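full-length UniProt numbering numbers the first residue of the sequence shown as 1 and each following residue consecutively.
Every residue gets a Cβ at the ideal spot worked out from N, C-alpha and C, and that includes glycine.
Being a predicted model, the structure only gives us computed values, none of them experimental.
Everything below concerns the one structure shown next.
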Amino acid sequence: MIQSSSIGARADSLAREFLYTTEDFNRIADLCYERAGILLPPAKQDHVYSRLSRRLRSLGLKSFDAYLKQLTGPNGVEEQRQMISALTTNVTRFFREPHHFEHLRTEVLPELAARARAGGRVRLWSAGCASGEEPYSLAFTVLRALPDAAKYDVRILATDIDPEVLAAASSGIYSEGAAHDLPDWVDHTMASREPDALKIAPSVRRLVDFRPLNLIRPFPMKGPFDVIFCRNVAIYFDVPTQAVVWNSFIGVLQPGSQMYIGHSERPPHALVTRFTPNCITGYRLNDPDRPATSERRK
1 MIQSSSIGAR ADSLAREFLY TTEDFNRIAD LCYERAGILL PPAKQDHVYS
51 RLSRRLRSLG LKSFDAYLKQ LTGPNGVEEQ RQMISALTTN VTRFFREPHH
101 FEHLRTEVLP ELAARARAGG RVRLWSAGCA SGEEPYSLAF TVLRALPDAA
151 KYDVRILATD IDPEVLAAAS SGIYSEGAAH DLPDWVDHTM ASREPDALKI
201 APSVRRLVDF RPLNLIRPFP MKGPFDVIFC RNVAIYFDVP TQAVVWNSFI
251 GVLQPGSQMY IGHSERPPHA LVTRFTPNCI TGYRLNDPDR PATSERRK
């Protein structure tokens with residue numbers, strides 16, 4: 001953590017709307033790491049001020065010290081959730097990194113669709129789903145491969161640490177501009193393009209279960225999952241925390257299951273032999289004693 005003198009701390013707060021010291025930043029960083037495994041390096045000090053200033057305004061507070069008292073007070077758990085949301089929520093969109101959805105459709109879903117039609121169980125998971133565009137993109141892709149998915153045991157789990165974004169996501173209502181990110185094959189049976197909103201069809205929403213989940217805590221579900229999307233989430237974690245999360249994912253996958261991660265992310269080195277890369281930042285879980293070998297990239 002950053003070391004500071006009292007003079008330096010006072011200087012930190014000059015020309016700011018709210019009193020904010022390096023010590024305030026250090027305490028917030030400690031809370032974020034303890035609460036959610038999120039690493040905030042010193043370079044994020046201004047980012048933290050910018051993101052959390054809105055919370056101070058809404059609460060009518062004058063300093064980050066007062067905000068920290070609220071975070072650590074008797075009713076601090078809810079505000080800690082608000083803090084984590086403010087620091088991690090980023091702009092997303094439908095079908096972000098479209099090559100993952102194309103790989104899922106062409107290389108993974110044919111086998112899963114056949115299994116579903118034969119009476120088998122199929123489970124997909126969007127981990128760190130934020131405002132819901134990713135799990136709904138998964139649902140659209142599943143329905144393209146298996147139009148009658150509702151007849152079978154096919155479900156998509158969508159989780160995030162923030163209950164408020166989950167509530168918004170479960171409504172399935174987005175701004176009209178979000179429709180620009182949808183491919184042409186997502187028709188009116190899947191989503192309604194209205195003048196002032198994009199509304200996800202009930203048949204699509206019924207495929208998705210939204211639940212709050214902290215990825216650094218033990219998972220309450222046992223799986224197994226056939227597909228996990230966890231993209232642009234591990235970037236918030238340090239290497240030891242990433243290893244914990246990846247081990248937890250392995251625990252709810254089965255050999256042959258597929259995992260997709262963000263374009264700048266990689267499995268921890270100690271676990272890389274457990275997976276075989278089979279597309280850009282896409283990996284298949286190996287049998288436990290089988291070494292990883294790169295497949296032809298598609």
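Where does Ser85 fall in DSSP's three states? Counted from its first residue, the sequence shown places residue 85 at position 85. Taken through DSSP and simplified to helix, strand or coil, Ser85 comes out as helix.
Distance CB(Leu207)-CB(Ala179) smaller than 8 Å: For the purposes of this step, residue 207 is identified with residue 207 of the sequence shown, where counting begins at 1. For the purposes of this step, residue 179 is identified with residue 179 of the sequence shown, where counting begins at 1. No; because the gap between Cβ atoms is not below 8 Å, this pair is not in contact.
Using the C-alpha atoms, what's the distance from Val272 back to Glu34? Your numbering for residue 34 matches position 34 in the sequence shown. Your numbering for residue 272 matches position 272 in the sequence shown. Cα to Cα, the separation comes out at about 26 Å.
Which same chain residues, not among the five before or five after His99, have their C-beta less than 7 Å away from its C-beta? Taking the sequence shown and counting its residues from 1, one reaches residue 99 at position 99. Excluding positions up to five away in sequence, the list reads Cys279, Ile280.
State yes or no: is the C-beta of Val142 within less than 8 Å of the C-beta of Ala150? In the sequence shown, the residue the question calls residue 142 occupies position 142. In the sequence shown, the residue the question calls residue 150 occupies position 150. No, Cβ-Cβ distance for Val142 and Ala150 is not below 8 Å.
Residue span of the beta strand (DSSP E) that contains Asp209, given as start and end: Against the sequence shown, residue 209 aligns to sequence position 209. Looking at the DSSP string, the run of the beta strand (DSSP E) that includes Asp209 is 208-212.
Note down the Cα distance separating Gln45 from Leu52, rounded to an integer number of angstroms. Residue mapping note: residue 45 aligns to position 45 of the sequence shown, counting from 1. Residue mapping note: residue 52 aligns to position 52 of the sequence shown, counting from 1. Cα-Cα distance, rounded: 11 Å.
Between Leu87 and Cys32, how many whole angstroms is the CB-CB distance? I'm expecting something under 8 Å. One-based indexing of the sequence shown puts residue 87 at position 87. One-based indexing of the sequence shown puts residue 32 at position 32. That belief holds up - the Cβ atoms of Leu87 and Cys32 are roughly 7 Å apart, short of 8 Å.
Reducing DSSP to helix, strand and coil, say where Ser63 ends up. For this step, residue 63 is matched to residue 63 along the sequence shown. DSSP places Ser63 in strand when its eight states are reduced to three.
Mark Pro267 as exposed unless 16 or more other C-beta atoms lie within 10 angstroms of its C-beta, in which case mark it buried. As a position in the sequence shown, residue 267 is number 267, starting the count at 1. With a threshold of 16 other beta carbon atoms within 10 Å, Pro267 meets it and is buried.
Rounded to a whole number of angstroms, what is the C-alpha to C-alpha distance between residue 299 and Val204? Examination of residue 299 is not possible in this model, given that the chain is present from 1 through 298 alone.
For Glu17, does the three-state DSSP call read helix, strand or coil? Your numbering for residue 17 matches position 17 in the sequence shown. In this structure, Glu17 counts as coil in the three-state DSSP scheme.
Would you report the Cα separation of residue 304 and Leu59, rounded to the nearest angstrom? Residue 304 lies beyond the stretch modelled for the chain, which goes from 1 to 298, so this question has no answer here.
Does the count of Cβ pairs from the stretch 117-131 and the stretch 227-244 closer than 8 Å reach three? Judged by Cβ distances under 8 Å, the stretch 117-131 makes contact with the stretch 227-244, as three or more pairs qualify.
With DSSP as the reference, identify every bridge partner of Leu157, one or two as the case may be. The residue given as residue 157 occupies position 157 in the sequence shown. Paired residues: Trp125, Asp209.
Can you name the residues that DSSP bridges to Glu194? For the purposes of this step, residue 194 is identified with residue 194 of the sequence shown, where counting begins at 1. Residue pairing for Glu194: DSSP places it in a beta bridge opposite Ala197.
From Ala158, Gly282, Asp238, pick the residue whose C-alpha is nearest to that of Ala29; which is it? The residue you call residue 29 lines up with position 29 of the sequence shown. Taking only the C-alpha atoms, the option nearest Ala29 is Asp238.
DSSP three-state call for Ser257: helix, strand or coil? In the sequence shown, counting from the first residue as 1, residue 257 sits at position 257. Strand.
Which residue or residues does DSSP assign as beta-bridge partners of Arg284? The sequence position of residue 284 within the sequence shown is 284, counting from 1. Note: Arg284 sits in a beta bridge opposite Gln258, Thr276.
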